[in-house]
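Residues 423 to 655 (this note's numbering) are what the sequence shown spells out, left to right. See structure below.
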Amino acid sequence: MLLPNLLAPDPGADPDWVYGDGELPEKWSIDNDSYAVCDTGQMQSPIVLSDTNARASIAFAASYGEADGKLKRGRGKVQVDVDSGMGMVSGDTLFSLLQMHFHTPAEHMLHGERYPLVVHLVHGSRDGEFAVLGVMFEEGDANPAIAAILDALESEGKEVMLDIASLVPERPDLYRYMGSLTTPPCTEGVNWHVADEVLEASEEQIAAMARILGASNRSLQPLNNRLIIGPED
Ligand SMILES: [Zn+2]
């Protein structure tokens, strides 16, 4: 199957690239020329979402619930793989959920800031298209799905039962644009969805994720000639 091969090269191994220091953008193609598009692509992610240049409501429906996930941990990575059966319909395309993973802090800039934590729900369509749904978190009440993941990590479990619905706003207003994976190989053609509503996770949960992941957000990328469709007012 096409999709998993386009994701991280080997989910078990530590990656052969590192994040920048926050000053200079990453140049991932210098170390590995199969990552060329990371530095030459014109549709890279993440971006600043306040550059919204269109407003529209787009057909969107999501269904997420309890799932049995397989936990993967690596340098800068906490990922939960799930069997298909859940997902979202965006426009007229059905995208099945493949995996979700976290970044600290968040990657896209939303409401003028980079929130301390984001989950990326990575989906694939039958035609091999990617779609990611990003949901940011700020300090507040504990989140049950994040609690389940942190418990499993602490006990070095390989499986985690979690309610994915608690990671997604009920009826999200969305920013949408065409971008890329935010880690090598930075594959373009990713249908990005970022929720305008920010969910809550506890201070302890955010700190625990940050301790495990370290700084794991790619530098902001130029918008170039892209359309960002923001939620209707
Ligand atoms: Zn991500």
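Idealized CB from N, CA, C, for every residue including glycine.
- Only exposed fits His533, as fewer than 16 other CB atoms lie within 10 angstroms of its CB.
- Here DSSP, grouped into helix, strand and coil, assigns Met508 to coil.
- Taking each of Leu589, Ala553, Asp585 in turn and checking the Cα distance to Thr609, the smallest one comes out for Ala553.
- Taking C-beta atoms as the reference points, Phe559 and Leu539 count as a pair closer than 8 Å.
- In the three-state reduction of the DSSP assignment, Asp503 falls in the strand class.
- Buried is the label assigned to Val612, since at least 16 other Cβ atoms lie within 10 Å of its Cβ.
- Contact annotation: Ala478 and Glu622 have beta-carbon atoms that are not nearer than 8 Å.
- Beta-carbon to beta-carbon, Leu575 and Leu493 are separated by about 7 Å, close enough to satisfy the 8 Å threshold.
- Residue side-chain check: Thr604 places its Cβ nearer than 7 Å to a non-hydrogen atom of ligand 1.
- Around the beta carbon of Ile452, fewer than 16 other beta carbons sit within 10 angstroms, so the residue counts as exposed.
- Straight through space, the alpha carbons of Ile480 and Thr474 are spaced by roughly 15 Å.
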